[in-house]
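In what follows, a structure is listed as structure tokens, so that the remarks can point back to it.
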Amino acid sequence: MLGICDPLLALCSMLLGGAASYVILSIAERMRAPDQGQTTIRWLFIGAVAGGLEIWAMHFIGNLAFCPTVSASEDAGLAIFSLLSAGATGAIAVYVISSHVEGWMRLVSGGMLMGACMGLTHATSTMAVHPPIDVQAILLPVVCSIIGIVVLSIAVIVIGGWNISTGGWRVTEKATAMGFALAGSHLVGLIPMYGAVDAASRIQPTAIDVELLAVVAVSLSTLLAIIDRQVTKASRLARASHARLIEAIESVPQWFALFDADDRLVICNRKYREVMSGTGAQVQPGDLFESIVRRTAERGDIPAAMGNVEPWMRWRLDMHRNPVAPYIQYRSSGEWLQINERKTHDGGIVFIATDITALKNAEQAAEDAKARLADSLALVETTKARMQEELNVGRDIQLSMLPRVFPAFPDRKELELYAVLEPALEIGGDLYDFFLVDQHRLCFVIGDVSGNGVPAALFMAMTKIMVKTRAASDPSPASIVTHVNDALSAENDSCMFVTLYLGILNLRDGTLVTTNAGHNPPLLKRKDGMFEWLTAQDGPMVGPMAGIAFKESTIRLEPGDELFLYTDGVTEADNRRRELFGKDRLKAVLDTSRVPSVVDRLGAVMQAVRTFAGDVPQADDITMLGLRYHGMTPSDVATRVFRQRMSNQLEAIPVLQVAFEEYVGQWEGARPLIPTLNMALDDLLNNVVQYAFPNDPTEHSIDVEGDVRDGCVILTISDDGIPFNPLTAAPPDLSLLLHEREIGGLGIHLVRSMFDEVIYHRNVGRNVLTVKKKMLSTSPVLGARDDYKKSSASDVEMQPPRLPQEPMGAGADVESVRRGVVVVVTPRDRFDTNSAPEVERILTNHIESGARRVVVDLSRISYISSIGLRVILKAVMVMTGSGGRLVLSGGNEQVRTVLQLSGALMMSLHASTLEEAYSKVQEGG
7 MLGICDPLLA LCSMLLGGAA SYVILSIAER MRAPDQGQTT IRWLFIGAVA
57 GGLEIWAMHF IGNLAFCPTV SASEDAGLAI FSLLSAGATG AIAVYVISSH
107 VEGWMRLVSG GMLMGACMGL THATSTMAVH PPIDVQAILL PVVCSIIGIV
157 VLSIAVIVIG GWNISTGGWR VTEKATAMGF ALAGSHLVGL IPMYGAVDAA
207 SRIQPTAIDV ELLAVVAVSL STLLAIIDRQ VTKASRLARA SHARLIEAIE
257 SVPQWFALFD ADDRLVICNR KYREVMSGTG AQVQPGDLFE SIVRRTAERG
307 DIPAAMGNVE PWMRWRLDMH RNPVAPYIQY RSSGEWLQIN ERKTHDGGIV
357 FIATDITALK NAEQAAEDAK ARLADSLALV ETTKARMQEE LNVGRDIQLS
407 MLPRVFPAFP DRKELELYAV LEPALEIGGD LYDFFLVDQH RLCFVIGDVS
457 GNGVPAALFM AMTKIMVKTR AASDPSPASI VTHVNDALSA ENDSCMFVTL
507 YLGILNLRDG TLVTTNAGHN PPLLKRKDGM FEWLTAQDGP MVGPMAGIAF
557 KESTIRLEPG DELFLYTDGV TEADNRRREL FGKDRLKAVL DTSRVPSVVD
607 RLGAVMQAVR TFAGDVPQAD DITMLGLRYH GMTPSDVATR VFRQRMSNQL
657 EAIPVLQVAF EEYVGQWEGA RPLIPTLNMA LDDLLNNVVQ YAFPNDPTEH
707 SIDVEGDVRD GCVILTISDD GIPFNPLTAA PPDLSLLLHE REIGGLGIHL
757 VRSMFDEVIY HRNVGRNVLT VKKKMLSTSP VLGARDDYKK SSASDVEMQP
807 PRLPQEPMGA GADVESVRRG VVVVVTPRDR FDTNSAPEVE RILTNHIESG
857 ARRVVVDLSR ISYISSIGLR VILKAVMVMT GSGGRLVLSG GNEQVRTVLQ
907 LSGALMMSLH ASTLEEAYSK VQEGG
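In the working numbering, each number is its position in the sequence shown, counted from 1, plus 6.
Here it is as structure tokens:
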């Protein structure tokens with residue numbers, strides 16, 4: 007068969023197969039474009055004509071390549087039929103390939119149908135140029151060739167459909183593969199036809215006619231391929247641009263639609279399509295604008311059109327066809343739309359609707375808020391008026407907490423005092439207070455709380471109450487401020503603070519003890535001098551932090567001295583030039599104000615501040631306190647407070663006791679208390695000297711202060727020793743036998759038992775112990791003291807007649823005699839720290855010398871302290887251990903009270919008289 011083939015014509019046939027494949031693929035791709043619409047049939051017709059001509063030409067040229075025995079025009083009917091079947095083959099290929107999405111069975115069935123058409127085309131075209139053939143002789147090759155044609159046709163469809171849906175091959179590659187398959191199907195069809203004919207019987211066609219026909223066919227095919235490639239490229243670009251445009255339109259959040267000059271829908275996005283379609287028919291390109299809008303109006307989507315469709319439609323069409331400006335439309339779904347329409351150059355209409363529901367809701371919310379704001383403002387005004395009234399009441403309450411009645415103490419001529427507070431707001435944070443702690447001590451305080459208003463006022467009230475409460479029992483300004491600071495700093499989450507200047511003035515001697523806790527420095531004017539600053543700072547502000555130990559300062563005021571205190575509202579007052587009143591201007595005003603009273607002095611300062619500030623609103627509270635000390639009358643000089651300092655030496659105790667006796671002796675009701683006071687001084691000072699300064703050889707000072715006021719004798723001892731509160735010590739167990747007791751603990755027990763009040767506190771690194779004892783009479787005895795003698799001579803009981811006795815020796819503070827087997831030891835004047843060692847020495851000597859009957863005669867002492875009791879206890883323990891006996895005799899009221907407080911066993915050793923003691927000591931002996 008190959009021997010009778012014309013190679014040139016065979017090659018042309020194969021090229022025509024490739025051209026047919028290219029045409030089919032190109033038309034199929036154009037048919038898959040989404041914008042074809044009603045042109046699908048047109049493209050199928052074009053595919054049938056173009057593809058069919060190429061397929062028919064492939065068969066016709068192929069037949070000529072194998073040298074047919076007759077002319078090609080021998081049977082025109084069969085030739086035409088073969089041409090139609092070739093067109094059907096092209097149409098089937100184009101449709102199956104263009105409509106393929108997924109599913110291979112559709113491609114296989116389409117390939118089989120195309121194979122049938124291909125076989126029919128092959129058979130009719132062959133019969134048109136060949137003589138009749140005995141089919142029965144070549145039945146099996148014919149069947150095989152038909153099967154081959156179908157299989158290769160399926161391959162053509164599968165290759166085209168797979169590649170056009172998934173891509174990956176260029177068009178030339180796809181066309182070549184399909185062209186080989188088409189040419190192969192033609193070759194398979196020729197095998198049985200030409201196998202039955204002898205090659206020698208072939209008649210060679212006229213070379214010129216065949217070659218010319220081939221050249222013409224190939225030229226047409228090539229030209230068609232070139233044109234088709236350019237058209238395909240342009241179509242692909244147009245489809246890509248169109249797809250991007252559609253994607254952009256679909257992605258915009260607004261409603262978009264384009265209508266042509268006939269008012270028909272050309273294109274719209276998903277938002278427009280969904281909303282305008284609603285539950286009815288889907289909006290499609292080509293729908294009239296009027297029909298689309300009418301459907302929405304009749305569905306009730308437009309509230310404005312309900313029951314009024316036709317008038318509304320006329321208005322809407324007029325707005326649509328003659329667009330001027332955007333307008334607002336409300337829909338039943340609750341949406342607000344802003345519709346913009348404009349005409350295009352070709353007479354069409356562009357429709358864009360923006361959802362402004364959020365904006366309209368915001369506008370409505372703003373309107374509602376405006377209405378609520380108006381209501382709120384009215385409520386605020388009402389509340390403000392009520393609050394103003396309450397603030398005014400609060401201001402009255404706050405001011406009522408401050409002393410406002412002047413003169414403050416009209417019956418006291420020792421001082422002149424005046425204060426003023428002018429709050430910047432209805433309720434301020436400044437404070438002042440003054441009050442008499444007792445008949446002779448004045449406490450005053452001025453402070454400035456951080457901020458203004460209600461919080462500052464509450465903080466101010468707390469501070470004032472704490473100061474007054476603490477000052478009632480604490481004589482130290484530093485201790486008062488320390489305790490107030492610890493109390494205010496507890497749970498002070500807002501970190502508020504107050505500056506304080508607190509002073510306690512002794513009106514009898516002018517001693518002023520002060521603590522400045524971060525406050526403005528006050529000014530002091532001596533009687534004939536100018537105002538001077540008191541710059542001492544004793545600690546920071548009060549309230550922010552606990553655990554701060556504040557200090558204190560002492561000033562001695564003389565009659566005529568004047569003290570001026572203020573808050574920063576005075577010095578920080580400003581004017582329109584933003585200048586401050588300042589400290590220098592304040593001092594100048596004070597120095598130049600020649601006024602007779604403290605009231606006028608404060609008035610002059612207030613007037614100067616107001617003149618300086620002008621019409622500038624007051625920015626801070628203004629508080630001032632003035633105090634002028636006039637001193638005591640000459641007849642009251644003797645009653646000044648007792649103050650004395652001693653070193654930490656036991657020898658200094660008697661000297662201080664004598665001085666304190668002279669001081670207390672000025673009061674008749676205080677004289678009977680002298681023995682008890684001496685006992686307290688001896689026990690307390692001995693305890694300080696012995697134990698307050700362990701391992702410290704340096705000299706320390708102990709301050710003793712005494713005062714007689716309010717019917718009481720008050721004694722205060724302070725030292726800078728180690729912190730120790732004697733009131734925490736456990737009392738001695740008085741139920742134990744004398745020889746079983748521990749030595750010690752009796753001193754503080756006696757003091758707590760014999761005094762009406764005992765108070766301890768730690769103040770600025772010092773131990774402070776205060777004892778108070780009520781007097782029998784409060785009548786003072788001033789000046790004349792002839793009737794006063796030492797208690798040792800006036801308060802000691804009369805001595806009994808002396809019995810025969812043998813002197814055994816005497817010392818400065820003790821003497822002893824023997825009467826038979828009984829030794830009598832008699833302390834003189836006092837039995838305390840200084841006399842106890844001598845008494846103990848003599849007792850020890852007698853006991854060591856064999857004395858087993860000892861009487862301690864207490865009738866000649868004015869008082870006994872725990873130190874004397876300690877000597878007696880030691881002697882009792884020694885005598886009990888050696889089988890001896892010791893008895894106590896006599897004693898004044900103080901001595902008997904001390905013995906009673908020392909326990910029943912101690913009283914069991916006591917006899918009222920010396921004779922009774924002699925008898926008692928010899929019992930059982």
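Even glycine gets a Cβ: it sits at the ideal position worked out from N, Cα and C. Model, not experiment: these values are computed from the prediction.
Reference residue i; option with closest CA among the options
i	options	result
A122	D627, D361, S88, S104	S88
D621	V714, D835, D580	D580
R768	A555, G83, V601, W321	A555
M319	S339, S297, P332	S297
V828	T617, L920, S382	L920
A475	S456, V443, G453, T505	It is Thr, not Ala, that sits at residue 475 in the sequence shown. If we check each option's Cα against that of T475, V443 comes out closest.
L631	K779, I358, P413	P413
L264	R348, T363, F587, V595	R348
R337	P317, V356, M312	M312
T350	Y697, V576, L365, N328	N328
D307	G292, L408, W342, A331	W342
Contact under 8 angstroms by Cβ, residue i with residue j
i	j	result
A34	S104	yes
E564	T520	no
P833	V820	yes
V860	L907	no
G826	S865	no
D515	V710	no
I98	M120	yes
E705	D626	no
V695	L656	yes
T629	T560	no
T302	M325	no
V451	V473	yes
Three-state secondary structure (DSSP) of residue i
i	result
D417	coil
P833	strand
L563	coil
V76	Residue placement at V76 is flagged as unreliable, the pLDDT there being 44, under the threshold of 50; the coordinate-derived value follows with that caveat. Coil.
Q624	coil
Q335	strand
E558	coil
N693	helix
R410	coil
Nearest-angstrom Cα separation, counted from residue j out to residue i
i	j	result
L683	G753	13 angstroms
A477	I486	6 angstroms
D835	M883	25 angstroms
I853	V831	12 angstroms
Q805	M912	With a pLDDT of only 45 at Q805, under the threshold of 50, the placement of this residue in the model should not be trusted; the figure read from the coordinates follows. Those two C-alpha atoms are separated by around 22 angstroms.
D838	Q900	13 angstroms
E929	I848	24 angstroms
E253	A384	55 angstroms
M118	M20	22 angstroms
S339	G284	11 angstroms
T132	M111	31 angstroms
E538	R582	30 angstroms
I867	R902	12 angstroms
A372	L608	55 angstroms
Nonlocal neighbours in the same chain, by C-beta distance under 8 angstroms from residue i, ignoring five residues either side
i	result
R995	Here the chain has residues from 7 to 931 only, and residue 995 is not among them.
G889	R858
Same chain, Cβ closer than 7 angstroms to residue i, five either side skipped, listed in chain order
i	result
R322	V299
K926	V893, A917
A542	N522, S559
Sequence-distant residues of the same chain with beta carbon closer than 6 angstroms to residue i, five excluded per side
i	result
G566	K533
E568	K531, R634
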